[in-house]
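First the structure, in the form of structure tokens, and then the observations on it.
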Amino acid sequence: MATVEKLTTTTVSTKGQVILPSAIRLRREWRAGTRLTVEETAEGVLLKPAPAFAETRPEDVFGVLPHKGQPKTLDEMDAGVLAEARHRHARD
Numbered sequence: 064m065a066t067v068e069k070l071t072t073t074t075v076s077t078k079g080q081v082i083l084p085s086a087i088r089l090r091r092e093w094r095a096g097t098r099l100t101v102e103e104t105a106e107g108v109l110l111k112p113a114p115a116f117a118e119t120r121p122e123d124v125f126g127v128l129p130h131k132g133q134p135k136t137l138d139e140m141d142a143g144v145l146a147e148a149r150h151r152h153a154r155d
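Just so you know, the sequence shown maps onto residues 64 to 155 in our numbering.
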């Protein structure tokens, strides 16, 4: 976003709240309840939309989905992958 907005001023409330100009909120589609990250930089404060989900590592979420029945062996998983590959290749 390379456009530069005319400078405006706002005031920090006693609760630490700042009102952002409506033109900026509309352009960025920041509606009431939008979560923002606040980063202090050498030039000031940077506001960015917060990610919808916290950053995770695969090892943090493996096994989260429920599974009924016995776990598959590596040979069974390999056979399933091979069967699906053959099935997809046969359709082409």
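Glycine included, every Cβ here is placed at the ideal spot set by N, Cα and C. The structure presented is a predicted model; accordingly, all values stated were derived computationally and were not measured.
Under three-state DSSP, which class holds residue i?
{"i": "Gly132", "result": "coil"}
{"i": "Pro114", "result": "coil"}
{"i": "Glu122", "result": "helix"}
{"i": "Leu99", "result": "strand"}
{"i": "Leu109", "result": "strand"}
At which residues does the alpha helix (DSSP H) containing residue i begin and terminate?
{"i": "Gly143", "result": "Leu137 to Arg154"}
Roughly how many whole angstroms lie between the Cα atoms of residue i and residue j?
{"i": "Met140", "j": "Lys131", "result": "16 Å"}
{"i": "Ala153", "j": "Ser85", "result": "56 Å"}
{"i": "Asp138", "j": "Glu118", "result": "32 Å"}
{"i": "Pro134", "j": "Arg149", "result": "23 Å"}
Counting along the chain, where does the beta strand (DSSP E) carrying residue i start and finish?
{"i": "Val81", "result": "Counting along the chain, Val81 falls outside any beta strand (DSSP E), and DSSP gives it neither H nor E."}
Below 8 Å on the Cβ atoms is my contact criterion, and I expect residue i with residue j to pass it. Report the Cβ-Cβ distance as a whole number of Å.
{"i": "Val161", "j": "Thr71", "result": "Residue 161 falls outside the range modelled here, since the chain spans only 64 to 155, and no answer is possible."}
Quick one: any contact between the stretch 111-131 and the stretch 91-102, if contact means 3 or more CB pairs under 8 Å? Put simply, the stretch 111-131 touches the stretch 91-102. At least three CB pairs are less than 8 Å apart.
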